[in-house]
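Peer 1: The structure is given below, and queries will be raised subsequently.
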Amino acid sequence: MKIRLILFVLAGLLCFSSCNQSAGEGGTGTIQGYVKLINHPDDNYTLPADTMDAAKTDVFIVYGNSDFYGDDVETDDKGFYKFKYLTKGDYTVYSYSTLPSGEKVPVTASISIGKGETGHVPTLYIHQGKAYGTSIVKGKVYGMYFHNDTYRGQGWAYEHRVYIRKLGDTYQFDDVRVGLDGVFAFQKLQPGDYEVFTFTQNAQEVPSPLIDTLTIENTGEIIEMEPDTTFVVRIQV
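Residue numbering for the sequence shown is 515 to 751, as defined by our numbering.
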C-alpha cells in the first residue's frame with residue numbers, strides 16, 4: 515500500500531513538473547524573425563546609413579530569466595533565423611551591433627509563446643561601420659588675402675588648416691584642410707565638449723588663434739557651426 519502511495523505521489527510530482535515546465539528546449543514551439551544590418555560608412559559628411567539583410571549573423575536566445583544564453587543560430591542570406599523545439603514561456607532574443615572601437619552592443623527583443631506556438635520577433639536592427647555611434651562637426655573659413663599690408667581680395671579659404679581638441683586639452687587630436695567652398699568637417703566624434711580652432715595672421719605673418727567652443731550631446735548628429743561663428747582669417751600671400 516505504501517509503495518502504491520509513493521508511486522502515486524511521484525507520478526503527481528512528475529506531472530506537475532511537466533505541466534509547469536519553464537522556458538527552454540524540449541517543446542514544440544518556435545521563435546523566428548529577421549535581422550537587418552544598418553551600415554554607417556565614414557568619409558561621407560551627410561552620415562548616410564545603408565540598410566541591408568544581415569546575412570550570416572549570429573542570433574542568441576535566453577530562456578526565461580537566465581543570465582546566459584541558451585542557444586544561438588546563424589541567419590540565412592535573407593537575415594532570417596529560427597529557434598525550434600521550445601517550451602511555453604518567456605524568451606529574449608538578441609544580436610550585436612559593433613562600435614568602431616570593436617565593442618559589441620546587444621540589440622534585444624522579448625517574446626512569450628504558448629505550447630506549440632510560433633512566435634514572431636520584431637525585426638532586430640543592428641549597426642556597424644566606422645561612423646556608427648559618432649557625430650560630425652562642420653564649419654566654414656573665410657579668407658581676407660593680403661600681400662604685406664596690401665589687400666588682394668577675399669573668398670572662401672581653400673586649403674586653410676583647422677584643428678580640433680577636447681576642451682581643456684593643450685593639443686589637437688585631429689586637423690583637416692578647408693575645401694573649395696570653405697567647408698571643413700571633423701568626423702567620428704563622440705559626445706563631449708570640444709574646441710575648434712584655426713589661425714589668422716597679421717602683417718608680420720605672426721599667427722594668432724581663433725577658437726570656437728561647442729558641445730556634442732548625442733551621436734548620429736551633424737552639427738553645423740553657426741554662420742556668425744564662421745572663421746574669418748587674414749592670410750598673407
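Beta carbons: idealized from backbone N, C-alpha and C, even for Gly.
State the DSSP-derived secondary structure class of residue 739, mapped to helix, strand or coil.
Peer 2: To locate residue 739, count along the sequence shown from 1; it is residue 225. Of the three classes helix, strand and coil, the one that applies to residue 739 here is coil, per DSSP.
Peer 1: Please list, in chain order, all residues of the same chain as residue 601 whose beta carbon is under 8 Å from its beta carbon, the five residues on each side excluded.
Peer 2: On the sequence shown, residue 601 is found 87 positions in, with the first residue counted as 1. Here the set comprises 535, 536, 537, 538, 539, 540, 541, 543 and 629.
Peer 1: Compare the C-alpha of residue 641 against each of 559, 746, 692 and 609 and name the closest.
Peer 2: Taking the first residue of the sequence shown as 1, we reach residue 641 at position 127. Comparing Cα-Cα distances from residue 641 to each of 559, 746, 692 and 609, the minimum goes to 609.
Peer 1: Please go through the region 618–670 and give each complete beta strand (DSSP E) segment of 3 or more residues, from N-terminal end onward.
Peer 2: Runs found: 618–627, 632–634, 638–642, 649–661 and 664–670.
Peer 1: When the Cα atoms are used, what is the spatial distance from residue 733 to residue 703?
Peer 2: What you label residue 733 is simply residue 219 of the sequence shown in a count that begins at 1. What you label residue 703 is simply residue 189 of the sequence shown in a count that begins at 1. When rounded, the distance between both Cα atoms is 8 Å.
Peer 1: With a threshold of 16 other CB atoms inside 10 Å of the CB of residue 575, please say whether the residue is buried or exposed.
Peer 2: Translated into the one-based positions of the sequence shown, residue 575 becomes position 61. Buried: at least 16 other Cβ atoms inside 10 Å.
Peer 1: Return the CA-CA distance between residue 566 and residue 593, expressed in angstroms with no decimal places.
Peer 2: Residue mapping note: residue 566 aligns to position 52 of the sequence shown, counting from 1. Residue mapping note: residue 593 aligns to position 79 of the sequence shown, counting from 1. Computed Cα separation, rounded: 9 Å.
Peer 1: Using CA coordinates, which residue listed in 569, 554 and 624 is at the minimum distance from residue 562?
Peer 2: Position 48 of the sequence shown, counted from the first residue, corresponds to residue 562. Among 569, 554 and 624, the Cα nearest to that of residue 562 belongs to 554.
Peer 1: Looking at C-beta atoms only, is the number of pairs between the region 706–723 and the region 667–683 that lie closer than 8 Å three or more?
Peer 2: As far as the Cβ criterion goes, the region 706–723 touches the region 667–683, which means the pair count is three or higher.
Peer 1: Out of 720, 718 and 711, which has the shortest C-alpha to C-alpha gap to residue 727?
Peer 2: Within the sequence shown, numbered from 1, the residue matching residue 727 stands at position 213. Ranking the options by Cα distance to residue 727, first place goes to 711.
Peer 1: Pick from 597, 746, 748 and 714: whose alpha carbon is nearest that of residue 625?
Peer 2: Translated into the one-based positions of the sequence shown, residue 625 becomes position 111. Of 597, 746, 748 and 714, the residue nearest in Cα terms is 597.
Peer 1: Can you have a look at residue 725 and say buried or exposed, based on whether 16 or more other CB atoms are within 10 angstroms of its CB?
Peer 2: Sequence index remark: in the sequence shown, residue 725 carries index 211 (1-based). So residue 725 ends up on the exposed side.
Peer 1: On the DSSP bridge assignment, give the partners of residue 539 in chain order.
Peer 2: On the sequence shown, residue 539 is found 25 positions in, with the first residue counted as 1. Answer is 600.
Peer 1: Can you give me the start and stop residues for the beta strand (DSSP E) that residue 673 sits inside?
Peer 2: As a first step, residue 673 must be located in the sequence shown, where it is residue number 159. Premise fails: residue 673 is in no beta strand (DSSP E) and is neither H nor E.
Peer 1: Once you ignore the five residues that flank residue 688 on each side, which residues in its own chain have a CB closer than 8 Å to its CB?
Peer 2: As a working mapping, residue 688 is identified with position 174 in the sequence shown. These residues qualify, in order along the chain: 677, 678 and 700.
Peer 1: Quick check: the Cα distance between residue 577 and residue 587, rounded to an integer number of angstroms?
Peer 2: Walking along the sequence shown from the start, residue 577 turns up at place 63. Walking along the sequence shown from the start, residue 587 turns up at place 73. Distance between the alpha carbons of residue 577 and residue 587: 14 Å.
Peer 1: Which residues does DSSP list as the beta-bridge partners of residue 699?
Peer 2: As a first step, residue 699 is located in the sequence shown; it is residue number 185 there, counting from the start. Partner(s): 652.
Peer 1: State the Cα-Cα distance for the pair residue 660 and residue 639, rounded to the nearest angstrom.
Peer 2: What you label residue 660 is simply residue 146 of the sequence shown in a count that begins at 1. What you label residue 639 is simply residue 125 of the sequence shown in a count that begins at 1. So the two alpha carbons sit approximately 54 Å from each other.
Peer 1: Please report the straight-line C-alpha distance between residue 690 and residue 570, rounded to a whole angstrom.
Peer 2: As a working mapping, residue 690 is identified with position 176 in the sequence shown. As a working mapping, residue 570 is identified with position 56 in the sequence shown. So the two alpha carbons sit approximately 38 Å from each other.
Peer 1: Are the CB atoms of residue 670 and residue 655 within a distance shorter than 9 Å?
Peer 2: Position 141 of the sequence shown, counted from the start, is the residue given in the question as residue 655. Position 156 of the sequence shown, counted from the start, is the residue given in the question as residue 670. Yes, they are a contact pair.
Peer 1: Alpha carbon to alpha carbon, how far is residue 751 from residue 752? Give it in angstroms, no decimals.
Peer 2: No statement about residue 752 is possible, as the shown extent of the chain runs from 515 to 751 and does not include it.
Peer 1: Using only CA atoms, which one of 664, 739 and 619 lies nearest to residue 697?
Peer 2: Walking along the sequence shown from the start, residue 697 turns up at place 183. Comparing Cα positions, the closest option is 739.
Peer 1: With H, G and I counted as helix, E and B as strand and the rest as coil, what does DSSP make of residue 555?
Peer 2: By 1-based counting over the sequence shown, the position of residue 555 is 41. Reduced to three states, the DSSP call for residue 555 is coil.
Peer 1: In terms of residue numbering, what span does the beta strand (DSSP E) encompassing residue 722 cover?
Peer 2: Residue mapping note: residue 722 aligns to position 208 of the sequence shown, counting from 1. That run of the beta strand (DSSP E) goes 721–730.
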